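Numbering (the working numbering), first residue to last: 638 to 789.
Positions of the beta carbon are idealized from the N, C-alpha and C atoms, including for glycine.
For clarity, every value in this text was computed on a predicted model and none was experimentally measured.
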């Protein structure tokens with residue numbers, strides 16, 4: 638992820654990432670290999686409220702190289718979906734870098750689609766009301782990430 642972040646608009650900011658990860662609102666799912674104490678993968682998420690929707694926002698989903706292609710990512714998404722459904726959340730959302738083609742393909746295979754709040758998505762309401770400035774529109778067109786979502 639380091640390589641993806643340093644070349645992205647987010648940049649590599651370890652102190653900010655640490656603060657985000659260990660915020661009091663953050664929740665985790667940890668997967669162990671079962672044979673060692675090695676962490677096979679983890680997911681960090683939060684419960685949020687945005688634009689009138691109760692959202693389970695997945696901030697991080699990481700699977701170690703040695704544990705990829707074993708359906709652990711699918712297990713994590715299924716777990717998030719079950720948690721979201723049990724708590725009557727409206728949807729799961731996440732942000733993915735455009736350069737991370739492997740993750741984008743995975744999320745799309747898991748049923749995620751481009752969220753209406755994603756940069757570059759035409760916002761008819763915003764355009765009609767004139768709520769979006771030219772600067773914001775330019776930033777959205779240049780965004781190197783997208784926001785995906787799916788119903789719980």
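In the displayed model, residue 664 falls within a strand according to three-state DSSP. In the structure shown, the three-state DSSP call for residue 717 is helix.
Note on geometry: alpha-carbon atoms of residue 752 and residue 724 lie some 21 Å from one another.
In its chain, beyond the 5 residues on either side, no residue has a beta carbon closer than 6 Å to the beta carbon of residue 687.
If you draw a 10 Å sphere on the C-beta of residue 677, you find 16 or more other C-beta atoms in it, and that means buried. Here residue 710 carries a helix assignment [DSSP, helix/strand/coil]. Taken through DSSP and simplified to helix, strand or coil, residue 693 comes out as strand. Taking a cut-off of 8 Å on C-beta distances, the stretch 684-704 touches the stretch 718-737, as three or more cross pairs fall below it. The Cβ-Cβ distance between residue 722 and residue 789 falls below 9 Å.
By a beta-carbon distance limit of 8 Å, residue 780 contacts residue 757. Their separation comes to about 6 Å. Residue 668 is classed as buried because its beta carbon has at least 16 other beta carbons within 10 Å across all chains shown.
Annotated three-state conformation of residue 682 is strand, per DSSP. The residues 728, 730 and 752, in chain order, have a CB closer than 6 Å to that of residue 786 in the same chain once the five nearest residues on each side in sequence are set aside. Residue 657 and residue 663 have their alpha carbons spaced roughly 8 Å apart.
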